[in-house]
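Notes for the one structure printed next.
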Amino acid sequence: MKLVVVSAGLSVPSSTRLLGDRLAAAVGRTAEVDTQVVEVRELAVEIAQNLTNGFPGRALAAAQEAVAGADGLIVVTPVFSASYSGLFKSFFDVLEPEALAGKPVLIAATGGTARHSLVLEHALRPLFAYLKAVVVPTGVYAASEDWGAEGLDGRIERAAGELAALMAGLSAVRGPRTPEADAFSAVVPFEERLAALRPTG
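Laid out in structure tokens, this is it:
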């Protein structure tokens, strides 16, 4: 399965990227995944150009293709003004409208204080629900004081386990990528395919 980490950290090194890496490693301990990282900071100029002229540059197009082709996503943003960063939002603004439809997504954020932890529920979860993604129940927020403290590792492991399970389940429902499977996906609504994962008893 293909896992893509979208990290919107601006500094080097970045606590946002560190959180993304730890989440990806936790998913890798639960499921066999091929992980790719998209550093949004490196795409800033091409994102701005895409917003103004409608055409992605080569690096941005490759990132868009990686996200669209992923079996699951980990998205991590620093908190700016009690919400996700503008650059983070702009990256998702230039994706194709249905690129995330039905895709499992683990939301995460970093900030200087625990007071911003509600960004997960007030900003990130509504954004990805609007994009028709399947957002895992556990989001992960890491404030400055969380690094090395008890609790963060447990949240990482729980969220990663939820993402891995959802990726595996939806991959099983989709089956191998064949012309016949793609045709099935095109005519059978995602909600009906997702229902196959729910217990019947």
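If you count by the numbering used here, then the sequence shown holds residues 4 to 204, one letter each, in order.
Yeah, the Cβ is synthetic: ideal placement off N, Cα and C, and Gly gets one too.
These numbers were taken from a predicted model, which means no experiment stands behind them.
Compute the beta-carbon to beta-carbon distance between glycine 142 and proline 107, rounded to the nearest angstrom, for a pair I have assumed lies under 8 Å.
Contact flag wrong, Cβ pair sits at about 13 Å.
Determine the contact status of leucine 13 and arginine 44, defining contact as a CB-CB distance below 9 Å.
yes
Where does asparagine 56 land, buried or exposed, given buried means 16+ other C-beta within 10 angstroms?
exposed
Could you tell me whether the Cβ of leucine 54 comes closer than 9 Å to any Cβ of chain C?
No chain C appears in the structure shown, which is made up of a single protein chain.
Member of Glu42, Thr33, Pro59 and Ala71 whose CA lies at the smallest distance from the CA of glutamate 101:
Ala71
Rounded to whole angstroms, how far is the Cβ of leucine 109 from the Cβ of valine 139, which I believe are closer than 8 Å?
5 Å
Using only CA atoms, which one of Leu127, Ser120 and Pro129 lies nearest to glutamate 148?
Ser120
Is the beta carbon of alanine 112 less than 9 Å from the beta carbon of valine 122?
yes
Limits of the beta strand (DSSP E) - the one that serine 10 falls within
Its beta strand (DSSP E) spans residues 5-10.
Quick check on the DSSP output: the beta strand (DSSP E) that includes leucine 76 runs from which residue to which?
75-83
Across which residues does DSSP place proline 107 in a beta bridge pair?
Val137
Output needed for glycine 115: all residues of its chain with C-beta closer than 6 Å, excluding positions within five of it in sequence on either side, in chain order.
Ser147
By the three-class DSSP mapping on this structure, what secondary structure does alanine 102 have?
coil
Straight-line CA distance for phenylalanine 91 to leucine 130?
11 Å
Rounded to whole angstroms, what's the CA-CA distance from valine 7 to leucine 54? Just pull it up for me.
23 Å
Residue range of the alpha helix (DSSP H) that includes alanine 34:
Premise fails: alanine 34 is in no alpha helix (DSSP H) and is neither H nor E.
Give the straight-line distance between the Cα atoms of leucine 206 and valine 41, rounded to the nearest whole angstrom.
The displayed coordinates of the chain run from 4 to 204. Any statement about residue 206 would go beyond what the structure contains.
Once DSSP output is grouped into helix, strand and coil, what is the label at threonine 19?
helix
Do isoleucine 77 and valine 137 come within 9 Å of each other at the CB atom, strictly closer than that value?
No, the Cβ-Cβ distance between valine 137 and isoleucine 77 is not below 9 Å.
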